[in-house]
Amino acid sequence: MTVINATTVDQVVSALREYPQARLVQGGTDVMVEVNLNRARVHDVISLRRVNELRRWHVDEESGTLRIGAGVPYAEMERAPLCLHVPALGEAARTVGAPQIRATGSLGGNLGTCSPAGDGLPVLSALDAIVHLRSADDARDVVVHDFMLGVKQNAKRADEVIVAITVPLLVGFQGYAKVGMRNAMVISAASACLVHDADNGNVRLAFGAVAPTIVRARAAEVWLAERVSLRNSMSLDGAIAREFGQLAAKECAPIDDHRSTADYRRHAVAVLAERLLLRAAEKQGRDE
Amino acid sequence: MATTTATSRATLGTSAVRPDGLPKVQGRFAFASDVWADNMLWGATLRSPHPHARIRSIDVSGALAINGVSVVITADDVPGQLTYGLITSDQPVFARDVVRYAGEPVAAVAADHPETARRALDAIRVDYEVLSALLDAEQAIDGSFAAIHPDGNVIRNQRVIRGDQSFVGDIIVEGSYELGMQDQAFLGLEAALALPDEDGAGVELFVATQWLHEDQKQIAACLDMPLERVRITLGGVGGAFGGREDISLQVHCCLLALVTRRPIKMQYGREESFFGHIHRHPARIVMHHHADRDGTLRRVEARAVFDGGAYASTSSAVLINAVTHMQGPYRCDIATVDGYVVRTNNPPCGAMRGFGVVQACFAHESQMDKLAIACGLSPVDIRLKNAMRTGDRLITGQIVESVAPVERCIRETAALPMPAPLLDEPDALDLPGGSGLTARRSNIRRGVGWGVSIKNLMYSEGFDDYATARCRLADGVITLQFATAEVGQGFVVLAQQIARTVLGIDTVLLEPISTAIGSAGSTSASRQTWMSGGAVDGACRLVREQLFAHVGATHDVDPLRLVIEATDVVDTMGTLRVAVADAARGLVLDETFEHHHRATEELDENGQGNCHVAFAFVAHRAVVDVDPDLGLVKVVQIATAQDVGRVLNPLAALGQVEGGIAQGLGLAVMEEIVLVNGKMRNPSFTDYLLPTALDAPDVVVTMIEEPEPQAPLGAKGIGEPPCISVTPAIVAAIRDATGKALTRVPVRPQDIVFGD
Numbered sequence: 010m011t012v013i014n015a016t017t018v019d020q021v022v023s024a025l026r027e028y029p030q031a032r033l034v035q036g037g038t039d040v041m042v043e044v045n046l047n048r049a050r051v052h053d054v055i056s057l058r059r060v061n062e063l064r065r066w067h068v069d070e071e072s073g074t075l076r077i078g079a080g081v082p083y084a085e086m087e088r089a090p091l092c093l094h095v096p097a098l099g100e101a102a103r104t105v106g107a108p109q110i111r112a113t114g115s116l117g118g119n120l121g122t123c124s125p126a127g128d129g130l131p132v133l134s135a136l137d138a139i140v141h142l143r144s145a146d147d148a149r150d151v152v153v154h155d156f157m158l159g160v161k162q163n164a165k166r167a168d169e170v171i172v173a174i175t176v177p178l179l180v181g182f183q184g185y186a187k188v189g190m191r192n193a194m195v196i197s198a199a200s201a202c203l204v205h206d207a208d209n210g211n212v213r214l215a216f217g218a219v220a221p222t223i224v225r226a227r228a229a230e231v232w233l234a235e236r237v238s239l240r241n242s243m244s245l246d247g248a249i250a251r252e253f254g255q256l257a258a259k260e261c262a263p264i265d266d267h268r269s270t271a272d273y274r275r276h277a278v279a280v281l282a283e284r285l286l287l288r289a290a291e292k293q294g295r296d297e
Numbered sequence: 056m057a058t059t060t061a062t063s064r065a066t067l068g069t070s071a072v073r074p075d076g077l078p079k080v081q082g083r084f085a086f087a088s089d090v091w092a093d094n095m096l097w098g099a100t101l102r103s104p105h106p107h108a109r110i111r112s113i114d115v116s117g118a119l120a121i122n123g124v125s126v127v128i129t130a131d132d133v134p135g136q137l138t139y140g141l142i143t144s145d146q147p148v149f150a151r152d153v154v155r156y157a158g159e160p161v162a163a164v165a166a167d168h169p170e171t172a173r174r175a176l177d178a179i180r181v182d183y184e185v186l187s188a189l190l191d192a193e194q195a196i197d198g199s200f201a202a203i204h205p206d207g208n209v210i211r212n213q214r215v216i217r218g219d220q221s222f223v224g225d226i227i228v229e230g231s232y233e234l235g236m237q238d239q240a241f242l243g244l245e246a247a248l249a250l251p252d253e254d255g256a257g258v259e260l261f262v263a264t265q266w267l268h269e270d271q272k273q274i275a276a277c278l279d280m281p282l283e284r285v286r287i288t289l290g291g292v293g294g295a296f297g298g299r300e301d302i303s304l305q306v307h308c309c310l311l312a313l314v315t316r317r318p319i320k321m322q323y324g325r326e327e328s329f330f331g332h333i334h335r336h337p338a339r340i341v342m343h344h345h346a347d348r349d350g351t352l353r354r355v356e357a358r359a360v361f362d363g364g365a366y367a368s369t370s371s372a373v374l375i376n377a378v379t380h381m382q383g384p385y386r387c388d389i390a391t392v393d394g395y396v397v398r399t400n401n402p403p404c405g406a407m408r409g410f411g412v413v414q415a416c417f418a419h420e421s422q423m424d425k426l427a428i429a430c431g432l433s434p435v436d437i438r439l440k441n442a443m444r445t446g447d448r449l450i451t452g453q454i455v456e457s458v459a460p461v462e463r464c465i466r467e468t469a470a471l472p473m474p475a476p477l478l479d480e481p482d483a484l485d486l487p488g489g490s491g492l493t494a495r496r497s498n499i500r501r502g503v504g505w506g507v508s509i510k511n512l513m514y515s516e517g518f519d520d521y522a523t524a525r526c527r528l529a530d531g532v533i534t535l536q537f538a539t540a541e542v543g544q545g546f547v548v549l550a551q552q553i554a555r556t557v558l559g560i561d562t563v564l565l566e567p568i569s570t571a572i573g574s575a576g577s578t579s580a581s582r583q584t585w586m587s588g589g590a591v592d593g594a595c596r597l598v599r600e601q602l603f604a605h606v607g608a609t610h611d612v613d614p615l616r617l618v619i620e621a622t623d624v625v626d627t628m629g630t631l632r633v634a635v636a637d638a639a640r641g642l643v644l645d646e647t648f649e650h651h652h653r654a655t656e657e658l659d660e661n662g663q664g665n666c667h668v669a670f671a672f673v674a675h676r677a678v679v680d681v682d683p684d685l686g687l688v689k690v691v692q693i694a695t696a697q698d699v700g701r702v703l704n705p706l707a708a709l710g711q712v713e714g715g716i717a718q719g720l721g722l723a724v725m726e727e728i729v730l731v732n733g734k735m736r737n738p739s740f741t742d743y744l745l746p747t748a749l750d751a752p753d754v755v756v757t758m759i760e761e762p763e764p765q766a767p768l769g770a771k772g773i774g775e776p777p778c779i780s781v782t783p784a785i786v787a788a789i790r791d792a793t794g795k796a797l798t799r800v801p802v803r804p805q806d807i808v809f810g811d
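Chain order of the listed sequences is R and E. Position in the first sequence counted from 1, then plus 9, gives you this note's numbering. Position in the second sequence counted from 1, then plus 55, gives you this note's numbering.
Shown next, in the form of structure tokens:
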């Protein structure tokens, strides 16, 4: 077993070239579960812990974007100032595991594992995030929708490392809500992120844990935009919100498993979408 | 307390600090998994992936070929009895020709490293012929499935028949209830270190267990050794809750040590632990309650079916607890109860805190609420109207001689303050859904529910579960010895408190907890304060008698006039006052005492007989907030008044109450081992969910202190009652908030959203 303690991305990608089978480990919160449950035998490891450039984030005022290093821990996302830039990401970060997990888990890990229950992923989907990848040979950017391919499957090549994620800084409400089978420290049974892009006049809605990968409720988004003016202020009634939730729920494909049932998950995302949309309208009302 | 100095002494009635408390919070306490020996090997267990299969062959050659693997053992290597069991010896040390549950041990290996051992397990080839599995308890009863064990598919059937069987009440309410499989989920996983004697004819075992002498008996039988050649010392235990009463890795570990002549260490991870110990019985209970129009309970009818899983464990005792507690803490003269506990190819079930009464209580308390509605009474009034009193007769014909302050438990619970109403803009974390931010104030409805329970204390049906303790006074220091398993309940501090109180000496040392002294019985059935407490008290009193005899002779005073006041020996009829430390100088006093509870009887075929020793009672009131649209629940507050006899250590008592409530809450709303075709789907703490701090309610408590005359210290057992009626109280509160029937626990979000 070889363990490479990289300190720069350059070292990471050259190590990946040398050890193409190596596991990249950032926080280890997924890898160690696999190891402990005897589901994975890890041979070579490239540790990303000491790669400081992965743990930085910065706001680009000119382009109106936020670039978050793949190794920035949830503990940082859930607090100001970072959570002020992307409130939904802050809310999602607060639902991840226990404080110990949040101190080490990251979006890079969420994307690398690519579980449909990954708490950060619905937020990245609703924000149309860009995933930045690097290898020894090249660098490429992939839209998050093209990055997530299926249950624990993504578009990252074996020689690539996820270095950062870019999301837009938006004006308007954004929120995340997650149903689990207890009130904290729980894997999602169903989750939703709703983002209101007030400048561009759209609402974007993504669901987690109700399909093999994150679902964008695009038909419901279009349906809403056709009925409600979403530029700047948003005003809607409860019936619209309810129908929006129900339409959106039709776009997911949940399953029965030991955590919940397909019927409940479908129902839950409808309720979450309705409530998030009402919160968006409410916030708009309050801001005016 | 007689003297002012007593307040600073850690005697009975004070919140004396546990000797293991500081080491535990500082991480210095040695749990069983922390024990090491030079030159030791690591043991590991191969388990069946199938719930029911025939073993055609086992090929261990691949494992033995791995560098570092010392030995692989199977059923063929068991020198003595091939099976063990707490009540009937029906569970194989290793499956020989057939496996009866997914997770059953098939072989064990010893290797130089845990990872080597793990690889060795992967290299063992077992050829299974998969058989159809018996998974439905009713099929075990109706005989439609061939016996899956030589002992048959019905482990026990017990009726309780009393009174006029043709009686029909003015009002009848009916219900069918179901409980899922709960896990003890103790901390400090199964672990042991076995050291073989040099001559290979004996073994020393350090193990986390609940009952050292029962382990010793079963291990010795399987190893074909005399009892005294199996010496057991308790390893540090995190918790137990019934889950360590059965043999898990003990025989495997000893056997590997004897075969390899090397120390063997074994420890389960959390996942293996779910397969390595028994669970709480899933059950279905159908009940009819008959009452007069005014709500007077007249007759209970019940049919209870408990799924015991593949092996008997304590199933037969769990069943009689269920059927004999089916009336709840209420007067009732007529009973028609039929209970079954059956064998299936599900994981084995056995002891867990509440022991059969949890299941009965969920059913009878749900019924009492139905009865209240049918009679136009409140949940409190229906319970007060029927509350049992000392001297009432149970449906078994046994008279309740215990203090039975049921009415007081209910009234004092009702008198505890209700929680504040929800704020207009509450902290989202306090709402159902918690950190998931699913709800706003307007989504929430609040409900209130009640549960009251009766629980037997100690073992039943003629079993003499005595306890032994030894007290030695030398050089002004007391040393206590007992085999009482300390599993977190705090007997180690209670024993010190007893000795300080009885003998007036503050330095109380504890010998290792081991089989070097007689049995203390199991740390279960809410029995150790009563039983081992009685034994320590008895041994200390014998020493005190000798001390008084010595002081009497020295000072020419009748020893009968002497008492201990704080730390002095005092002549109650004269002026003599001498410090115990001075009086005892040069003396070595050493006494051993066995405490036995009064004899009990077996039940007859109609379930009649004085089968239980004593009873304790408790009332719970639950306040919950529910988000009905999402089916999410937050238990806001539990109020409880518990019949404890006497509080011996207020902090420890509160800990038992709060912990039991958390465990009962777990069963009410989240804790369940999910089985699909006999296989566990969630054997981890990722998916077997325990309450977190955000799920745990505020607990407001009144301890009802009416000393129990039968109990050596006046104190009843307090471990089990907190977790019993809190479950139905929480479910009743959810019903109150939602109007849903909710006949199954744990209540799942989909039950609230889609249920009737």
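Each residue gets a CB set at the ideal place from its N, CA and C atoms; glycine is no exception. Every value quoted in this text rests on a predicted model; they were computed, and no experiment measured them.
- One alpha carbon belongs to E/Q136, the other to E/D270, and they sit about 14 Å apart.
- Counting the other CB atoms within 10 Å of its CB gives E/R353 a total of 16 or more, which places it among the buried residues.
- Near chain E, meaning a CB-to-CB distance below 8 Å, the residues of the region 184-195 of chain R are G184, Y185, A186, K187, V188, G189, M190, R191, N192, A193, M194 and V195.
- Three or more Cβ pairs closer than 8 Å define a contact, and the region 561-572 of chain E falls short of that threshold against the region 585-592 of chain E.
- Within its own chain, the residues whose Cβ lies closer than 7 Å to the Cβ of E/G255, once the five positions on either side in sequence are excluded, are L313 and R316, listed in chain order.
- Contact residues of the region 247-281 of chain R toward chain E are D266, H267, R268, S269, T270, D272, Y273, H276, A277, V280 and L281 (C-beta to C-beta distance below 8 Å).
- Interface with chain E (7 Å Cβ-Cβ cutoff): R/T104 is included.
- For E/W97, the uninterrupted beta strand (DSSP E) segment begins and ends at L96 to R102.
- Beta-bridge partners assigned by DSSP to E/H345: E/I227 and E/R354.
- Less than 7 Å separates the beta-carbon of E/I340 from that of E/A418.
- Following the DSSP letters along the chain, one finds R/M41 inside the alpha helix (DSSP H) bounded by residues V40 to N45.
- DSSP lists E/V673 as the bridge partner or partners of E/S508.
- Here E/I428 is exposed, its C-beta having fewer than 16 other C-beta atoms within 10 Å.
- Close to R/E100, with beta-carbon spacing below 8 Å, are these residues of chain E in chain order: L492.
- Here the region 735-742 of chain E does not lie against the region 181-189 of chain R, with fewer than 3 beta-carbon pairs under 8 Å apart.
- Less than 7 Å separates the beta-carbon of E/C387 from that of E/V355.
- Considering only R/C123, R/V170 and R/Q183, the residue with the shortest C-alpha distance to R/V160 is R/C123.
- An exposed status is given to E/E184, since fewer than 16 other beta-carbon atoms sit within 10 Å of its beta-carbon.
- Look at E/P752 here: in three-state DSSP terms it is coil, with no helix or strand label.
- Using a CB distance cut-off of 7 Å, E/E326 counts as an interface residue toward chain R.
- Rounded to whole angstroms, the separation of the alpha carbons of E/K771 and E/H652 is 13 Å.
- In its chain, beyond the 5 residues on either side, E87 have a beta carbon closer than 6 Å to the beta carbon of R/R103.
- Segment contact: the region 692-700 of chain E against the region 644-660 of chain E, fewer than three CB-CB distances shorter than 8 Å; contact not assigned.
- Under DSSP, E/M725 shares a beta bridge with no residue.
- Taking a 10 Å sphere around the C-beta of E/H168, we find fewer than 16 other C-beta atoms and assign the residue as exposed.
- Annotation: E/W91 is outside any alpha helix (DSSP H) and is labelled neither H nor E by DSSP.
- Taken atom to atom, the span from the alpha-carbon of E/G502 to that of E/T747 is near 21 Å.
- If you check the CB distance, E/E760 and E/R799 do not come in under 7 Å.
- For the alpha helix (DSSP H) assignment, the uninterrupted runs of no fewer than 4 residues enclosed by the region 529-602 of chain E are, from N- to C-terminal side, 546-558.
- With distances taken between CA atoms, E/A192 lies nearest to E/F361 out of E/A571, E/D279 and E/F361.
- No Cβ-Cβ contact shorter than 7 Å links E/D791 with E/G383.
- Exposure of R/Q162 is indicated by the presence of fewer than 16 other C-beta atoms within 10 angstroms of its C-beta.
- In this structure, the CA atom of E/L67 is about 26 Å from the CA atom of E/V461.
- Annotation: the continuous beta strand (DSSP E) that includes R/D69 extends over W66 to D69.
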